[in-house]
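Below: one structure, written as structure tokens.
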Amino acid sequence: MTAETAPFDPLLLRRAFGNFPTGVTVVTAAPEAGPAGMTVGSFFSVSLDPPLVGLCADKGSGSWAAMAPANAFAVNFLCADQTDLSNRFASKAEDKFDGLDWHPAPTGSPLLPDVIGWVDCVTEQTVDSGDHWIIIGRVTAIEILREADPLVFFRGGYGSFAPVDPSRH
Ligand SMILES: Cc1cc2nc3c(=O)[nH]c(=O)nc-3n(C[C@H](O)[C@H](O)[C@H](O)COP(=O)(O)O)c2cc1C
């Protein structure tokens, strides 16, 4: 295979990024207009002291536009059996919370049922970066709920985690 140099075919760039696996989260917020949320694979940890996390949101995302005014958000970590929840929050559904048994985190941001855990955050910084916003949040509450396998996204499809050495997991 030969290396390609910039400018790239956008499809090649997408394919390259898709070869790096991510966990799957649903980021939620409770602005005055009502609860909103979106599926996010770009979640990352930033700092332990102070406790900071980050995510990238598409500048064209209607969900993020609705969530941003809350200046706070929760990050729900999905389990391997929660592909339905991931698809629901990646959709353009009118009410993504319809029929869901959610409850509010301390910031009011919706916490979803049966997730591995969550972090509740206040927005600390929003950085303008290309066609995305990089949002940095300060973690103000945490809960770990389940010892379950995570949902993973890789090459455009869902999977989960398998330890290389099961005796060490
Ligand atoms: C596994 C997965 C990961 C995603 N990660 C992100 C992400 O990190 N940032 C983002 O802006 N959109 C991401 N999306 C897309 C949004 O969830 C989705 O486009 C959005 O919520 C629906 O579009 P809207 O916000 O314009 O309504 C992801 C979708 C999936 C299925």
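For the sequence shown, the working numbering gives the first residue as 10, with consecutive numbering after it.
Note that the Cβ used here is the ideal one computed from N, Cα and C, for glycine as well.
Small disclaimer: the values here were computed from a predicted structure and weren't measured.
Item                                                                                                                                                         : Value
For residue 148 versus residue 142, is the C-beta distance shorter than 8 Å?                                                                                 : no
I believe residue 119 touches residue 46 by the beta-carbon criterion, under 8 Å. Please report the beta-carbon distance rounded to the nearest angstrom.    : 6 Å
Under 7 Å: does the beta carbon of residue 67 sit that close to some heavy atom of ligand 1?                                                                 : yes
From the DSSP output, in three-state form, read off residue 93 for me.                                                                                       : helix
How far does the beta strand (DSSP E) with residue 47 in it reach, from first residue to last?                                                               : 45-49
Which of helix, strand or coil does DSSP assign to residue 126?                                                                                              : strand
What separation, rounded to the nearest whole angstrom, lies between the Cα atoms of residue 123 and residue 16?                                             : 43 Å
Check whether the Cβ atoms of residue 161 and residue 35 sit closer than 8 Å, and answer yes or no.                                                          : no
Excluding five sequence neighbours on each side, which residues of the same chain lie with their C-beta closer than 8 Å to the C-beta of residue 145?        : 55, 61, 62, 63, 132, 133, 134, 135 and 136
Can you tell me where the alpha helix (DSSP H) with residue 71 in it begins and where it stops?                                                              : 71-76
Assuming residue 83 and residue 37 are in contact, meaning their beta carbons sit under 8 Å apart, how far apart are those beta carbons, in whole angstroms? : 5 Å
Is residue 54 near ligand 1, with its Cβ less than 7 Å from a heavy atom?                                                                                    : no
Does residue 125 pass the burial test, meaning 16 or more other C-beta atoms within 10 Å, or should it be called exposed?                                    : buried
Return the CA-CA distance between residue 109 and residue 13, expressed in angstroms with no decimal places.                                                 : 45 Å
Between residue 163 and ligand 1, is the CB less than 7 Å from at least one heavy atom?                                                                      : no
Have a look at the DSSP bridge pairing and note the partners of residue 113.                                                                                 : 119
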